[in-house]
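Under the working numbering, the sequence shown has 44 at position 44, and the numbering climbs by one with no breaks.
Every residue, glycine too, gets a C-beta built ideally from N, C-alpha and C.
Bear in mind that the values here come from a model prediction, so they are computed numbers and not experimental data.
One structure is given below, encoded as structure tokens.
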Amino acid sequence: MPSRSSEPERARIVDAKELDALRVFIASWAAGEAILPEVHRHLLERALKAFRKSLKVTRLDEESVLGGRGMSTGKRSSVVGITPPNSFPREVCDELVKRGRLKGSRSGIYELPPE
């Protein structure tokens, strides 16, 4: 958790109960102009890591399907996107999309952007 000393401007605004300044501060976070608080950055990192792991497991699961001869087919997975893990709210994935870390679609399927 960040301390009050790591983000003194935010602490001052909250202590003074300056609603207009707080709205401006939040709007700058939403627009990507200001750096997110450390807690939110950590949450986004954990969500992206969980997404990558879930995508990897899904691909491995598809690749390990047994063929007609009792051996795996040896084909590469065609999975490019998945629904995100339920451990994070949809808003977290939407924030990752806004920041360019994921690509999203209207159907709720997310994928990693091309490298």
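- Sixteen is the threshold: when 16 or more other Cβ atoms of the shown chains lie within 10 Å of the Cβ of Glu95, as they do, the residue is buried.
- Less than 9 Å divides the Cβ of Leu112 from the Cβ of Lys103.
- In this structure, the straight-line span from the alpha carbon of Ser87 to that of Glu7 is close to 28 Å.
- One thing to note: Leu44 has its Cβ no nearer than 9 Å to the Cβ of Leu55.
- Taking Gly108 as reference, the option from Gly81, Ala11 and Val14 with the minimal CA-CA separation is Gly81.
- Within its own chain, the residues whose Cβ lies closer than 6 Å to the Cβ of Glu62, once the five positions on either side in sequence are excluded, are Ser77 and Val79, listed in chain order.
- For the 9 Å CB-CB criterion, Leu48 and Arg101 form a contact.
- Beta-bridge annotation (DSSP): Gly108 is not paired with any residue.
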